[in-house]
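Novice: Dropping a structure here in C-alpha cells format, bear with me for questions.
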Amino acid sequence: MEVEEDVLDAAERSARRLAKKLKRGTTGPAAALQSDESVGLLYDEAILLHTGPQDPSEHPEQPARATVMWRVFQQAGLADRCCRLPPREAMRTELALCHTEDHIDHVELASQAARSTGQRYLEDHGASLYWTPGTAQAARMAAGCVIQAVQAVLSGAVRRAMAVVRPPGHHAVCERAMGFCFFNNVAVAARVALQHPGVRRVAIVDWDVHHGNGTQDILESRADVLTLSLHRYGRGFYPGTGAAAEVGRGPGRGFNVNVPWTAPDRKDVDYVAAFSLVVEPVLQAYAPDLVIVAAGFDAADGDPVGDCSLTPGGYGWMTERLLRFAGGKVVLALEGGYNTGVTAACAAACVRTLLEGASTAPLLPDTQPDTATKRNLEQVYMTQRAHWPLCCAAQRPARSLAAEFEEAWQEMLHHLAAERARLGRFAEVAALRRRLAAAEEALAAAAAQAAEMAALRRAARRQRHEVTVHEGRLQRLRAKLQLPSDAERLWLAASTGDVEEVRRLLEGGGLDVNAADQQGLSALHHAAAAGEAAAVRLLLADPDVTVDALDHGRLTPLHHAARNDHHRVVRQLAAAGASLTATSKLLNTPLHMAVKWRQRRAVRALVRAAAAAPDPAATAAALLRAANKAGQTALAQLERRPSRRISKHMARLVELTRIKRELEEEDEDEEEDDEYEADQEEDEEEDEEEEGRGRGGGRGSGGEKEEDGSGSDSDGDDDSEEEEDSEDEEDDSDSSGGGERALLEQLQQQAHAVQRTAAQRADGGGGGAAAAAAAADAGHRSAAAAAATAAASPSAGAAAGGDRGVKRARPSRSDGGDDSSNGSSSDDDEKEEEEDGDEDDEDADYAAPRRGDGGGGGGSDDDDDDEDDEDDEDDDDEEESSG
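For the sequence shown, full-length UniProt numbering assigns the number 1 to the initial residue and increments by one for each residue that follows.
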C-alpha cells in the first residue's frame with residue numbers, strides 16, 4: 001500500500017536519530033507550548049442510558065463515572081473555559097470501518113431484547129457485559145462523540161479535545177463486544193481520521209491499566225496507525241494479552257508497541273521512565289499527524305480495580321508530553337476508571353493541561369524506578385529495537401542490546417537526578433534572590449527613613465494638627481453624606497415589615513431610631529407609610545422614638561398613615577400620643593389628608609382618636625376649625641368630593657363639639673347662679689341696713705311710703721337687671737354657638753350635595769337605581785339632621801339643671817337662625833327616620849356594624865363601599881379584642 005510505503009520511508013529517514021534517542025532518553029525539557037484555550041469538550045446525557053446494577057460492587061461500570069466527572073469540570077470552571085462541541089451518534093458506515101455487520105446488528109438486537117423482556121438489564125457474565133434498552137444508543141453516542149472530537153481537531157475548529165463518554169471501547173474486537181465495551185471508540189475514530197485529507201499517520205496511546213486488546217486486534221495489521229499501550233500484564237490480570245512480543249502482523253509488524261507491567265503498584269516514576277525510554281522516542285520517529293489517547297484512569301491511586309498509584313499530576317505530565325507531537329493535535333477519550341472521585345480529579349488534571357498547554361510544574365519524583373520496571377522496559381527495549389529503526393535487518397547480540405539498554409537506563413537516571421538537582425538549585429537561587437531583594441528594600445527604606453527623620457520631627461506638630469483637622473472634616477463629611485448602614489437596614493426592614501430584622505436592630509443598641517434619610521423620613525415614617533402595624537408597634541416601644549417627627553415636608557408619621565388609609569397604624573400612633581392637629585408645610589392636618597383622598601377608614605380612626613383624647617371636645621373643635629394654606633377646612637374639602645360615610649364620621653366629630661358646648665354652658669350657669677346668689681345676699685344686706693336706719697330715725701308714714709316706693713323701684717331695677725342679664729346670656733349663647741352652627745350648616749350643605757349627586761347618578765341608572773339613591777340619600781339626611789339637631793339644641797342640658805334653686809330664664813336654641821336652617825328639612829328627616837329606622841339606629845351607635853343598606857348600583861360611591869366598611873369595622877373589632 002502507498003500509505004505503508006510512506007510510513008516505511010519516514011521510519012528509515014529517522015533511523016539514525018532514533019537510535020541516538022533510544023540510547024539517551026527524552027527526559028530533557030522541550031520547548032514550552034503556548035497556552036491555547038481552543039479546547040473542545042463533548043458530553044451528552046445519552047451515554048447515561050446504559051445503566052446496569054445500582055450497586056457498584058456488582059458492576060463497576062456505572063453512569064456516575066461520567067456525571068461526577070462532568071460536575072467536577074463545571075465546579076472547577078473547566079467546562080466554561082472549553083468550547084462545547086455538539087455531540088452526535090456514530091453512523092453505521094463509520095462503525096463498519098472496524099466492526100462486522102453481524103456485530104453491529106447484535107448490539108441493536110440485544111438492546112431490543114432487554115427492552116422486550118421488561119427487565120432493567122441482562123447480564124453476559126462470559127463477556128463481562130450487561131445489556132439495557134439504551135445500551136445501543138449509548139454505545140453509538142460514545143463512538144460518535146470521539147469521532148466528532150477528532151473531526152473538530154482536524155478541521156481546525158479546536159486545537160485539542162476531550163470526549164467524556166461511556167461505555168468504554170478499547171476491549172471491543174472486530175466481531176464481538178467484551179470487557180464492558182461494545183464499539184471500539186478510538187479505533188473507529190482513527191479509521192475516520194485517516195479519511196481526512198492530509199492525515200497519513202495516526203498514533204493511539206492507551207494508558208488504561210488494562211491492555212487494549214480490541215484496539216490491537218483491529219489495527220495490528222496496519223502501518224498507518226501506531227498503537228502504544230502501557231498496562232498490567234500476567235498473573236491472570238484481564239484480558240491476559242499485551243505481551244511485549246506482540247508487535248503486530250503483516251504490514252503492521254512493529255507498529256504495535258506494548259509496555260507490560262508484570263508487578264502491581266506502578267507509580268508516576270515508572271511511567272516517566274517508560275515515556276522517556278520507549279513512548280516518546282517511538283512517537284518522534286513515527287511523526288504522527290494526530291494523537292488519540294485511550295484515557296483510562298484505573299491505574300490511579302485509589303482505584304478499586306487497577307491496584308496502581310498514579311497521581312493526577314502524573315496524568316497531567318503524560319498529557320503535556322504528548323502535546324509535543326502532531327503539532328499538539330491530541331484527542332482524549334475516556335476509557336476505564338472506577339473510583340468516580342479519583343477518575344474525575346485525574347481527568348480534570350488532563351483537561352487543565354490541554355488548556356494551559358504545559359504543566360505548571362514538571363513531574364520529577366524523588367524516587368527511582370524499581371527493578372521490576374527496569375526489567376519490563378528492558379524487555380520492551382530489546383523487542384522494539386528490532387523494529388525501530390526498521391532498516392536494521394541484522395539483529396544485534398542480546399548482550400549488546402542489554403549493555404545498550406543499561407547505558408540508556410543509567411543516562412536516564414542521571415538526567416532525572418540532574419534535572420532534580422537543577423530545579424533544587426534553581427529554587428535555592430530563587431530563594432536567595434528573594435532574600436537579597438528584601439534586604440535591599442529594607443536598606444533603601446532605612447536610608448530613606450534616616451534621611452527624612454529630621455524633617456519629620458520638625459513637621460510632626462504641624463502634621464498632627466493637619467491630621468486632626470482633616471479627620472474632623474472627614475467625619476463631618478461622612479455624617480453629612482452617608483448614614484450608618486444599620487439605619488439603612490432599619491428603614492428597609494420597617495418599610496417591608498421585616499419584624500425580626502427590626503427587632504434585631506433595635507435590640508442591638510447603638511442605633512438612632514430617629515435617623516432620617518435624604519427625604520427626612522425616619523423608620524417610623526417608612527413603617528407608617530407602608531402600613532406595617534407590627535413594625536410600628538416595635539418602633540413605638542422604643543423609648544427614644546419621636547412620634548411626631550417631621551420629614552422635609554413637615555409631615556408626621558400620622559400624616560403618612562392617614563394619607564394611605566392605614567387605620568390600624570393611625571390608631572397605634574394616636575394611642576402613643578401623636579398629635580392629631582399637627583400641620584404640614586401646606587398646613588394640612590392628618591384629617592385634611594384623609595378627607596381629601598377619601599380614606600374613610602382613616603377618618604373613622606381619627607374621629608375615634610379625637611373621642612379618646614383627654615379633651616375630646618377641644619380636639620374635635622381644633623380638627624374642624626383647622627384650615628390649610630388654601631384656606632380650606634376638612635369640611636370644605638368634603639364638599640368638593642362628597643362621601644356619605646365620611647360625612648357620617650364628620651357628623652360624629654361635630655357631636656363631640658356639642659358636648660363641649662353643653663359642658664361650658666353648665667359651667668356658665670353655675671357661675672351665673674353664684675353671681676345671682678351673691679346679688680341676693682347684697683340686696684338683703686342693703687334692706688337690713690335701710691330698715692335699721694328707718695328704725696333709728698323714727699320716720700313716719702311718709703317715710704314708709706317713700707320706703708315702699710324705693711322698694712318698688714328697687715324691685716323694678718332688679719327686674720330690669722334680670723331682663724338685661726337674660727338678654728346678655730342669650731347673646732352670649734348665640735355667639736358661643738355661632739362657630740358650631742356654621743359647621744353644621746356646612747355639613748347640611750354637604751348632605752344636600754351628596755343627595756344631588758346620588759339623584760343625578762340615579763337618573764342615569766334607571767328606576768331601581770333611583771330608588772336606591774333616594775333610600776341612601778334619605779338615610780344620609782336623617783343622620784346629618786340628627787347630628788345637627790343634637791348639636792344645635794342645648795335645651796336638654798338646661799333641663800337637666802332645672803332643679804337648681806333660683807335660675808334665670810334661658811333663650812331657646814330652636815328659634816332664630818337655627819329654625820331657618822333646619823326647619824325645611826326637619827319634617828323630611830322625621831319621615832326618612834321612620835322609613836329608614838335601621839340606618840338611623842346604625843348612625844346613632846358609632847361602633848355598631850352595618851348589615852346592608854339596599855340593593856342597586858345606581859347610588860353613590862360610598863353606598864357601594866358600605867359592605868367593605870362593615871367588614872373593616874368587624875376586622876377592627878376583632879383586632880382590638882385579640883390585641
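Positions of the beta carbon are idealized from the N, C-alpha and C atoms, including for glycine.
Under DSSP, the beta strand (DSSP E) around HIS231 begins and ends at which residues?
Specialist: Start and end: 225-232.
Novice: Are the CB atoms of ALA190 and VAL225 nearer to each other than 7 Å?
Specialist: In contact: ALA190 and VAL225 (Cβ atoms closer than 7 Å).
Novice: Please list the segments of the beta strand (DSSP E) lying wholly inside the segment 141-213, counting only runs of 3 or more residues, in order along the chain.
Specialist: As far as the segment 141-213 is concerned, its whole beta strand (DSSP E) runs of at least 3 residues are 160-163, 202-206.
Novice: On the criterion of 16 or more Cβ atoms from any shown chain inside 10 Å, does MET453 qualify as buried, or is it exposed?
Specialist: That one is exposed.
Novice: By the DSSP assignment, the alpha helix (DSSP H) with VAL331 in it spans what residues?
Specialist: VAL331 -> not in any alpha helix (DSSP H); beta strand (DSSP E) instead, spanning 330-334.
Novice: On the CB-based measure, 16 or more other CB atoms within 10 Å of its CB, does LEU22 come out buried or exposed?
Specialist: Interpretation of LEU22 is limited by its pLDDT of 35, a score under 50 that renders its predicted location unreliable; no figure is taken from the coordinates.
Novice: Which residues in the same chain have their Cβ closer than 6 Å to the Cβ of ALA530, if we skip the five residues on either side of it in sequence?
Specialist: So the list reads SER495, once near-sequence residues are dropped.
Novice: For ARG645, tell me which candidate among GLU682, ARG600, ALA609 has the shortest Cα-Cα distance.
Specialist: When each option's Cα is compared against that of ARG645, the closest is ARG600.
Novice: Under a three-way DSSP split, which group does residue 884 fall into?
Specialist: In the structure as shown, the chain starts at 1 and stops at 883, and residue 884 therefore has no counterpart that could be examined.
Novice: Look at the Cβ atom of THR311, then the Cβ atom of ASP268, and state whether they are nearer than 7 Å.
Specialist: Yes, these two residues count as a Cβ contact at 7 Å.
Novice: Looking at LEU48 and PRO63, is the spacing between their C-beta atoms short of 7 Å?
Specialist: Yes, they are a contact pair.
Novice: Output needed for ASN185: all residues of its chain with C-beta closer than 7 Å, excluding positions within five of it in sequence on either side, in chain order.
Specialist: Once the five neighbours on either side are set aside, the close Cβ partners of ASN185 are ALA142, ALA143, VAL146, VAL165, GLY169, ALA333.
Novice: Give the DSSP-derived three-state secondary structure of VAL259 in the structure shown.
Specialist: Looking at VAL259 - three-state DSSP - the assignment turns out to be strand.
Novice: From the DSSP output, in three-state form, read off ALA244 for me.
Specialist: Residue state, collapsed to three classes: coil.
Novice: Quick one: measure Cβ to Cβ for ASP265 and SER221, integer angstroms, because I've assumed they're closer than 8 Å.
Specialist: Actually they are not in contact, since the Cβ atoms of ASP265 and SER221 sit about 35 Å apart, beyond 8 Å.
Novice: Would you check if there are 3 or more beta carbon pairs closer than 8 Å linking the segment 314-325 to the segment 287-298?
Specialist: Because the criterion of three Cβ pairs below 8 Å is met, the segment 314-325 and the segment 287-298 touch.
Novice: Whole-angstrom Cβ separation of HIS592 and HIS560, contact assumed at under 8 Å?
Specialist: The pair is not a contact, with the Cβ atoms about 13 Å apart (cut-off 8 Å).
Novice: How long is the line joining the alpha carbons of LEU390 and PRO251, rounded to whole angstroms?
Specialist: Because LEU390 sits at a pLDDT of 35, beneath the cut-off of 50, its placement in the model cannot be relied upon, and the following sentence gives the value as read from the coordinates. Straight-line Cα distance between these residues: approximately 12 Å.
Novice: Which whole-angstrom value is the C-beta distance of ARG625 and THR633, which I expect to be below 8 Å?
Specialist: Indeed they touch by this definition, with Cβ atoms about 7 Å apart.
Novice: Tell me, please, which residues DSSP counts as bridged to GLY40.
Specialist: Paired residue(s): CYS83, ALA161.
Novice: Report the three-state DSSP secondary structure of VAL293 (helix, strand or coil).
Specialist: Looking at VAL293 - three-state DSSP - the assignment turns out to be strand.
Novice: Of the residues THR546, GLU691, VAL153, LEU432, which one's Cα is nearest the Cα of GLY577?
Specialist: When only C-alpha atoms are compared, the closest one is THR546.
Novice: List the DSSP bridge partners of LEU310.
Specialist: Beta-bridge pairing links LEU310 to ALA300.
Novice: Quick one: what's got a C-beta closer than 7 Å to ARG84's C-beta in the same chain, skipping five residues either side?
Specialist: Excluding sequence neighbours, ARG84 sits near LEU41.
Novice: Let me know the secondary structure DSSP gives GLN379 once reduced to three states.
Specialist: Three-state result, GLN379: helix.
Novice: Pick out whichever of VAL272, ASP679, ASP498, TYR286 has its Cα sitting closest to the Cα of ARG200.
Specialist: Measuring from the Cα of ARG200, the nearest candidate turns out to be TYR286.
Novice: Using the C-alpha atoms, what's the distance from ALA345 back to ARG65?
Specialist: Cα-Cα distance, rounded: 11 Å.
Novice: Would you report the Cα separation of ASP370 and THR340, rounded to the nearest angstrom?
Specialist: Taking the straight line from one Cα to the other gives about 29 Å.
Novice: Using a threshold of 7 Å, state whether the C-beta atoms of HIS196 and HIS210 are closer than that.
Specialist: Contact: no.
Novice: Starting from the C-beta of ALA110, find all residues in its chain whose C-beta is less than 6 Å away, skip the five residues before and the five after it, and write them out in chain order.
Specialist: TRP131.
Novice: State the Cα-Cα distance for the pair GLN637 and LEU539, rounded to the nearest angstrom.
Specialist: Rounded to the nearest angstrom, the two C-alpha atoms are 33 Å apart.
Novice: Would you say ALA535 lies against chain C (beta-carbon separation less than 7 Å)?
Specialist: In the structure shown, chain C does not exist; there is a single protein chain.
Novice: Mark THR26 as exposed unless 16 or more other C-beta atoms lie within 10 angstroms of its C-beta, in which case mark it buried.
Specialist: Note that THR26 scores 38 on pLDDT, short of 50, meaning its location in the model is unreliable; the coordinates nonetheless yield the value given after this. With 16 or more other Cβ atoms within 10 Å, it is buried.
Novice: Taking only three categories from DSSP, how would you classify GLN518?
Specialist: GLN518: coil per DSSP, three-state reduction.
Novice: If you follow the alpha helix (DSSP H) that ALA273 is in, where does it begin and where does it stop?
Specialist: Per DSSP, ALA273 belongs to the alpha helix (DSSP H) from 268-274.
Novice: Nearest to ALA243 by CA position, among TYR381, GLY336, GLY357, HIS106, is which residue?
Specialist: When only C-alpha atoms are compared, the closest one is TYR381.
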